[in-house]
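Report on the following structure.
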Amino acid sequence: MDWRIGPVEYPGPNVSPGRNEPLRWLITFSSHFDRGGDLAKKPIGPIRRTFAPWEDPEKRPFIEFRNVTKRFGSFTAVDNLSQTIYEREFFALLGGSGCGKTTLMRMLAGFEQPTEGEIFLDGQNLAGVPPYRRPVNMMFQSYALFPHMSVEANIAFGLKQDGFPKADIADRVKEMLRLVKLEPFGKRKPHQLSGGQRQRVALARSLAKRPKVLLLDEPLAALDKKLREETQFELMDLQMDLGMTFLIVTHDQEEAMTVADRIAVMDAGRIIQVATPSEIYESPNSRYVADFIGDINLIESKVVAKNGETTRLRATELDIEFDVAQTTDADIGDAVAFGIRPEKITVTMDKPDADFSVHAEIWDIGYLGDVSTLHCRTEDGHNLRAGIANVTRLVERPLTWDDKIWMTWRKDAGVILRH
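Using full-length UniProt numbering, the first residue of the sequence shown is number 1, and each one after it goes up by one.
See below:
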């Protein structure tokens, strides 16, 4: 079998089906797979998805927001929003503070009522259904554990309120403790646990009643970075094992990119784009999404030529022309932005043999361990950022401050953005 670096169609047996793994370097197999066939060599992006019910026109949505609007006085928190979510999907609402994502989740939970529009869950219109009658549970950012109760009692609380038999409660609590790997801690109080353990208790309590949907309101915000990253993968594994629908609200783009099957990017009460994490990152549909997700250079340009497969742009700030492997509905002469991620820019000390290149000087370097971000200033005084992978510990001539460099990129490295 021939292995080489490149895009993959089939991620291999160690990647969970239907999940976006954040892989930067990927492997292409030249032989055929049982599930891949001829497609195993076809480069379509990061990972071929096996879970994509939204692409099946016959698949019925599990959750549906229909023209939902929510106003608080004269302020519109959610503005005529429609969106579908499918059973077993891990769906993320991503946006800055005040974009309406939490309000949307609270309306699904029943804590707020829509001013206009309808919300359906598993075919049922939720209008008039109180929160305690809805088959959803919500896990809050603060965890909201009862400090005077043990871990077991916290998990059992909702079951007791619903009148479950004592024997069933005991069995369910044991099952939840095993599920979140907290069997030895059942008798402890919340203050005797670490932040990560308290988070898992809150998760177990939310799952104990076996809701159809679990709502997660920035559940990992209080955890440190390393624990947060570990818990993200635990959440993903748990969601897949249970086969439940998870809806997470977060302002952390890395968190959304890691855990979600699809992401809805919100702004000012509206959904700007809904797509898989890789599509959101590689093919943003607007300047807002491109700028909100990850780091990107936005280069003001004009369309100078078009054909069936490529568009030629003139960068007004950099005084260069280059081709983009993308068609656009912009007319010749229209102003557009060209968006390119720092890691997709090639940096060399010598002028490259390319159709175009930008001469610049390194004026700052952000070292992040695995990658370094070069902040460069062009001869025209404009700023560009380039990312380089630190793949070796020692190099003969590392790039440093004040170095004169050349920057270029491939035709398919960036995207044309109109608005």
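Cβ coordinates follow ideal geometry from the N, Cα and C atoms, glycine included.
These figures come from a predicted structure and were not determined experimentally.
Each of Q197, A330, G163 and A202 was checked against the Cα of L227, and the nearest Cα belongs to Q197. The Cβ atoms of V304 and R418 lie no closer than 8 Å to each other. Runs of the alpha helix (DSSP H) lying entirely within the segment 218-262 and spanning at least 4 residues, in chain order: 225-242 and 253-259.
Going by DSSP, R314 is part of the beta strand (DSSP E) stretching over T311 to A315. With three or more CB-CB distances shorter than 8 Å, the segment 324-339 counts as touching the segment 395-414.
Shown here for K302: same chain residues with a beta carbon closer than 8 Å to its own, the five before and five after excluded, namely L313, R314, T316, G333, D334, A335 and V336 in chain order. Note on K187: under 16 other CB atoms within 10 angstroms of its CB, so exposed under the neighbour-count rule.
Here I405 is near C376, since their CB atoms are less than 8 Å apart. Note that the C-beta distance between F90 and D261 is below 8 Å. Positions of the beta strand (DSSP E) runs, each at least 3 residues long and wholly inside the segment 122-205, are given as 136-139 in order along the chain. For F90, the enclosing beta strand (DSSP E) covers residues F90 to L94.
If the five residues before and after K351 are omitted, its C-beta is found closer than 7 Å to the C-beta atoms of S357 and W406, all from its own chain and listed in chain order.
Shown here for I365: same chain residues with a beta carbon closer than 8 Å to its own, the five before and five after excluded, namely S372, T373, L374, H375, L399, T400 and W401 in chain order. Distances from the alpha-carbon of L298 to those of L235, F338 and I271 put F338 closest. Annotation for K411: no beta strand (DSSP E) segment contains it, and DSSP assigns it neither H nor E. Less than 8 Å separates the beta-carbon of I155 from that of V201. For V78, the enclosing beta strand (DSSP E) begins and ends at F75 to I85.
Distances from the CA of T115 to each of V68, D355 and M105 were compared; the closest alpha carbon is that of V68. With a 10 Å radius around the Cβ and a threshold of 16 neighbouring Cβ atoms, D217 comes out buried. A contact is defined here as three or more CB-CB pairs under 8 Å, and the segment 78-93 fails this definition with respect to the segment 136-149. Counting only the Cα atoms, E118 lies some 7 Å from A127. G110 and K101 have their alpha carbons spaced roughly 14 Å apart.
Exposure of R393 is indicated by the presence of fewer than 16 other C-beta atoms within 10 angstroms of its C-beta. In the three-state scheme derived from DSSP, where H, G and I count as helix and E and B as strand, R393 is classed as coil. A direct Cα-to-Cα measurement between R66 and N125 gives close to 10 Å.
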